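Enquirer: Pasting a structure below so you can have a look.
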Amino acid sequence: MELKFFRSEFIKNMMTLLSGSAIAQLIPFLILPILQKWFYDPSHFGELAIYTSVTMLLAQVAGMKYEFAIVNAKSRSEAENVFLGALIIAFLFSTLTAIAFLMIPNQMAQVFGAKKITNYFYLIPISVFFFSSFETLNYWNNSQKKYKRIAVAKVAKTLGAETTKIGLGYAKFAGNGLIIGRVIGEFVSAMLLFKHFIVNDLKNFHFSGLHSVLDSLKQNYRFPLFTMPSVFVGNLINLVFIGLFMSYFGAEKAGVIGISVVYVSVAFGLISQSFSQVFYKELNDTKGKESLLKLYLGNAKYLIIISIIAVVFVQLIPSNWVANLLGEKWTDLMPTLKILVFSYAVSFITSSLSFIYMRVNKQKQMLIFDIIHLIMVASSIYIGFHHFGSFRATLISYTIAQVIYYSFAFSIAIVFIKNMEEE
0 MELKFFRSEF IKNMMTLLSG SAIAQLIPFL ILPILQKWFY DPSHFGELAI YTSVTMLLAQ
60 VAGMKYEFAI VNAKSRSEAE NVFLGALIIA FLFSTLTAIA FLMIPNQMAQ VFGAKKITNY
120 FYLIPISVFF FSSFETLNYW NNSQKKYKRI AVAKVAKTLG AETTKIGLGY AKFAGNGLII
180 GRVIGEFVSA MLLFKHFIVN DLKNFHFSGL HSVLDSLKQN YRFPLFTMPS VFVGNLINLV
240 FIGLFMSYFG AEKAGVIGIS VVYVSVAFGL ISQSFSQVFY KELNDTKGKE SLLKLYLGNA
300 KYLIIISIIA VVFVQLIPSN WVANLLGEKW TDLMPTLKIL VFSYAVSFIT SSLSFIYMRV
360 NKQKQMLIFD IIHLIMVASS IYIGFHHFGS FRATLISYTI AQVIYYSFAF SIAIVFIKNM
420 EEE
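Numbering-wise (the working numbering), the sequence shown opens with residue 0 and increments by one.
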């Protein structure tokens, strides 16, 4: 049975994506110590963390999550209509974002708590457009099972970003080369998938007219109505997380957290992204609640094993190794990572399987849970700071809240599957 699992098309597709993700994650993992030691301080990474949180908050909802509907489409014509509609919406949203950030920058800085990065506001709408376009093209290729394209695009994104960061750091660029590098990476990946679409897919693409596009968007109303708000709240949680720590403990501590997230993402992110994308396609091809439950629990087992291995590995790393290697300014990195890894281990399991909520049509319920999650995160950081006062205690308070929430989210999915109507 185990051998059959590893020979399945699901695993083959996931391994194709995983190979690209592995290379895409390995490159910045190897380059990151160089950036830390010679070119950038913790405060630079703190600014990058805020920039990333703001752009992700906007970019993840720029297409109103219609990209998910591309894979879920019942016909190729519907997939084409939704794909085109998502790109148009993303362009319009990015244009409005540009107007807002360029015309009223001070007000936008207050809204997003992003006063530290006002000099980079002009880049935010660019990031929003290229990231949202990449996501839409990504799911288009997923629906067509063109996983190699996605894998190559991820590698190209990393190469573009990391070479820019090193180049600007070496040239002693006066601004934050980390942010510029991120934008370049997003541009490269989006342009590469655009090129593949124009060269390979456009000749077989049938434009049915704007009316048909609007009809297809209306038919998939659940995504903007329920999924988009849920995703927005999820990204708002990340912004609140980084924003509160920066407000309470400064840009350097926020930078240490940001770097910790990058390192732990190497262990979890490359598997989670590849797994969830193929898992979403598999979910839509699986019928019946018994089969869905088997698919959910079967894959959860492997994710739990990976999480346990990662947590144990991180705990065994001596904390003084990082300070000796990168310098005293990074003394807090390993202690921070050893706390946060518990949060991200549980998050990795639940997030990798999170498409199950859309499959059982529980987006509305998950929106309510996400709002509760936001309150839990903000409260845990607030209580940790005001009651205990220390950076470490606040991290522990946050981590406990995260573990509780994601354990609940994993369990409630099982209840949803068991209670769904037979198909």
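We put the CB at the ideal spot given by N, CA and C, even for glycine. Please read these numbers as outputs of a predicted model, since none were measured by experiment.
Specify, as a first and last residue, the run of the alpha helix (DSSP H) that Glu289 falls within.
Expert: As a first step, residue 289 is located in the sequence shown; it is residue number 290 there, counting from the start. Its alpha helix (DSSP H) spans residues Lys288 to Leu315.
Enquirer: Tell whether a beta-carbon distance below 7 Å holds between Ile183 and Ala150.
Expert: Numbered from 1 along the sequence shown, position 184 holds the residue referred to as residue 183. Numbered from 1 along the sequence shown, position 151 holds the residue referred to as residue 150. Result no, Cβ atoms of Ile183 and Ala150 do not sit closer than 7 Å.
Enquirer: What does the alpha-carbon distance come out to for the pair Ser350 and Ala68?
Expert: What you label residue 350 is simply residue 351 of the sequence shown in a count that begins at 1. What you label residue 68 is simply residue 69 of the sequence shown in a count that begins at 1. Here the C-alpha atom of Ser350 lies approximately 19 Å from the C-alpha atom of Ala68.
Enquirer: Quick one: what's got a C-beta closer than 7 Å to Phe407's C-beta in the same chain, skipping five residues either side?
Expert: In the sequence shown, counting from the first residue as 1, residue 407 sits at position 408. Answer for Phe407: no residue qualifies.
Enquirer: Have a look at Ile338 and Leu209 and give me their C-alpha separation to the nearest angstrom.
Expert: The residue you call residue 338 lines up with position 339 of the sequence shown. The residue you call residue 209 lines up with position 210 of the sequence shown. Whole-angstrom Cα-Cα distance: 51 Å.
Enquirer: Measure the alpha-carbon distance for Glu1 versus Leu282 and round it to whole angstroms.
Expert: Position 2 of the sequence shown, counted from the first residue, corresponds to residue 1. Position 283 of the sequence shown, counted from the first residue, corresponds to residue 282. Confidence in Glu1 is poor, its pLDDT being 49 and thus under 50, which makes the residue's placement unreliable; the coordinate value appears in the next sentence. One C-alpha to the other measures close to 20 Å.
Enquirer: To which residues of the same chain is Phe120 closer than 6 Å at the C-beta, ignoring the five residues directly before and after it?
Expert: In the sequence shown, counting from the first residue as 1, residue 120 sits at position 121. Excluding residues within five positions, the ones whose Cβ falls inside 6 Å are Phe100 and Pro104.
Enquirer: In terms of residues, what are the limits of the alpha helix (DSSP H) holding Ile436?
Expert: The requested residue 436 does not occur in the structure, where the chain is confined to residues 0 to 422.
Enquirer: Examine the Cβ distances between the segment 62-82 and the segment 222-229 and report whether three or more of them are shorter than 8 Å.
Expert: They touch, by the three-pair rule.
Enquirer: Under the three-state reduction of DSSP, which class applies to His205: helix, strand or coil?
Expert: Position 206 of the sequence shown, counted from the start, is the residue given in the question as residue 205. Three-state DSSP puts His205 in coil, outside helix and strand.
Enquirer: Check whether the segment 161-177 touches the segment 191-209, taking contact to mean three or more Cβ pairs, one atom from each stretch, closer than 8 Å.
Expert: Output reads no: the segment 191-209 does not touch the segment 161-177.
Enquirer: Within this structure, are the beta carbons of Pro27 and Thr157 separated by less than 7 Å?
Expert: Position 28 of the sequence shown, counting from 1, holds the residue named residue 27. Position 158 of the sequence shown, counting from 1, holds the residue named residue 157. Yes. Within cutoff.
Enquirer: By how many angstroms is the C-alpha of Lys153 removed from the C-alpha of Phe196?
Expert: Taking the sequence shown and counting its residues from 1, one reaches residue 196 at position 197. Taking the sequence shown and counting its residues from 1, one reaches residue 153 at position 154. Answer to the nearest angstrom: the Cα atoms are 16 Å apart.
Enquirer: Look up Leu56 in the DSSP assignment and say whether it is helix, strand or coil.
Expert: Mapped onto the sequence shown, residue 56 falls at position 57. Of the three classes helix, strand and coil, the one that applies to Leu56 here is helix, per DSSP.
Enquirer: How would you call Met357, buried or exposed, if buried means at least 16 neighbouring beta carbons within 10 angstroms?
Expert: Mapped onto the sequence shown, residue 357 falls at position 358. Sixteen is the threshold: when 16 or more other Cβ atoms of the shown chains lie within 10 Å of the Cβ of Met357, as they do, the residue is buried.
Enquirer: Can you tell me which of the three DSSP states Tyr39 falls into?
Expert: On the sequence shown, position 40 is the one that residue 39 refers to. Reduced to three states, the DSSP call for Tyr39 is coil.
Enquirer: What distance in whole Å lies between the Cβ atoms of Ala58 and Ser126, which are believed to be in contact at a cut-off of 8 Å?
Expert: Here residue 126 refers to the residue found at position 127 when the sequence shown is read from its first residue. Here residue 58 refers to the residue found at position 59 when the sequence shown is read from its first residue. Sure, about 6 Å apart at Cβ, within 8 Å.
Enquirer: Select from Gly383, Ser131 and Met190 the residue whose C-alpha is nearest the C-alpha of Ser148.
Expert: Here residue 148 corresponds to residue number 149 of the sequence shown, with the count starting at 1. Note on residue identity: the sequence assigns Arg, not Ser, to residue 148. The shortest Cα separation from Arg148 among Gly383, Ser131 and Met190 belongs to Met190.
Enquirer: Flag this pair as touching only if the segment 334-348 and the segment 363-379 have three or more C-beta atom pairs under 8 Å; answer yes or no.
Expert: no
Enquirer: Going by the beta-carbon positions, is the gap between Phe384 and Tyr247 smaller than 7 Å?
Expert: Mapped onto the sequence shown, residue 384 falls at position 385. Mapped onto the sequence shown, residue 247 falls at position 248. Contact annotation: Phe384 and Tyr247 have beta-carbon atoms nearer than 7 Å.
Enquirer: Is it the case that the Cβ atoms of Met102 and Ser229 are separated by a distance below 7 Å?
Expert: Taking the first residue of the sequence shown as position 1, residue 102 is located at position 103. Taking the first residue of the sequence shown as position 1, residue 229 is located at position 230. Their beta carbons are not under 7 Å apart, which means Met102 does not touch Ser229 by this criterion.
Enquirer: Using DSSP with H/G/I as helix, E/B as strand and the rest coil, what is Lys3?
Expert: In the sequence shown, counting from the first residue as 1, residue 3 sits at position 4. Here Lys3 scores only 49 on pLDDT, less than 50, and its place in the model is too uncertain to base an answer on.
Enquirer: Can you tell me whether Ser264 is helix, strand or coil according to DSSP?
Expert: Residue 264 sits at position 265 when you count from the first residue of the sequence shown. Three-state DSSP puts Ser264 in a helix.
Enquirer: For Lys361 and Phe415, which I take to be in contact (beta-carbon distance under 8 Å), what is that distance rounded to the nearest angstrom?
Expert: The residue labelled residue 361 in the question sits at position 362 within the sequence shown. The residue labelled residue 415 in the question sits at position 416 within the sequence shown. Contact holds; Cβ gap of about 5 Å.
Enquirer: Would you mind listing the alpha helix (DSSP H) stretches within the segment 340-385 that are 4+ residues and don't spill past its ends, in chain order?
Expert: Every alpha helix (DSSP H) stretch that sits fully inside the segment 340-385 and reaches 4 residues is listed by chain position as 355-358 and 362-382.
Enquirer: According to DSSP, simplified to helix, strand and coil, what is Met333?
Expert: For the purposes of this step, residue 333 is taken as the residue at position 334 of the sequence shown. Here Met333 sits in helix by DSSP.
Enquirer: Looking at C-alpha atoms only, which residue of Thr163, Ser188, Val321 and Ile403 is the closest neighbour of Ser132?
Expert: The residue labelled residue 132 in the question sits at position 133 within the sequence shown. When only C-alpha atoms are compared, the closest one is Ser188.
Enquirer: Would you report the Cα separation of Val402 and Ser379, rounded to the nearest angstrom?
Expert: Translated into positions along the sequence shown, residue 402 becomes position 403. Translated into positions along the sequence shown, residue 379 becomes position 380. Roughly 12 Å between the two C-alpha positions.
Enquirer: Nearest CA to the CA of Ser346: which residue from Trp320, Ile307 and Leu83?
Expert: Here residue 346 corresponds to residue number 347 of the sequence shown, with the count starting at 1. With distances taken between Cα atoms, Ser346 lies closest to Ile307.
Enquirer: Please work out which residues of its chain come closer than 6 Å, Cβ to Cβ, to Ser259, disregarding the five sequence neighbours upstream and downstream, and give them in chain order.
Expert: Locating residue 259 in the sequence shown gives position 260, where the first residue counts as 1. Excluding positions up to five away in sequence, the list reads Thr335, Leu336 and Leu339.
Enquirer: Can you tell me whether Gln24 is buried or exposed, with buried defined as 16 or more other CB within 10 angstroms of its CB?
Expert: Working through the sequence shown from its first residue, we reach residue 24 at position 25. Label assigned to Gln24: buried.
Enquirer: Counting only runs that start and end within the segment 176-224, where is the alpha helix (DSSP H) found for 4 or more residues in a row?
Expert: 176-195 and 209-218
Enquirer: Are the beta-carbon atoms of Ile49 and Ile241 separated by less than 7 Å?
Expert: In the sequence shown, the residue the question calls residue 49 occupies position 50. In the sequence shown, the residue the question calls residue 241 occupies position 242. Here Ile49 is near Ile241, since their CB atoms are less than 7 Å apart.
Enquirer: From this set, Leu47, Leu213 and Phe244, which residue's C-alpha is nearest Ile179's C-alpha?
Expert: Locating residue 179 in the sequence shown gives position 180, counting from the first residue. The shortest C-alpha separation from Ile179 is found at Leu47.
Enquirer: Let me know the secondary structure DSSP gives Met102 once reduced to three states.
Expert: Within the sequence shown, the letter at position 103 stands for residue 102. Three-state result, Met102: helix.
Enquirer: Are there 16 or more other CB atoms within 10 angstroms of the CB of Phe387, so buried, or fewer, so exposed?
Expert: One-based indexing of the sequence shown puts residue 387 at position 388. Phe387 is exposed by the Cβ-count criterion.
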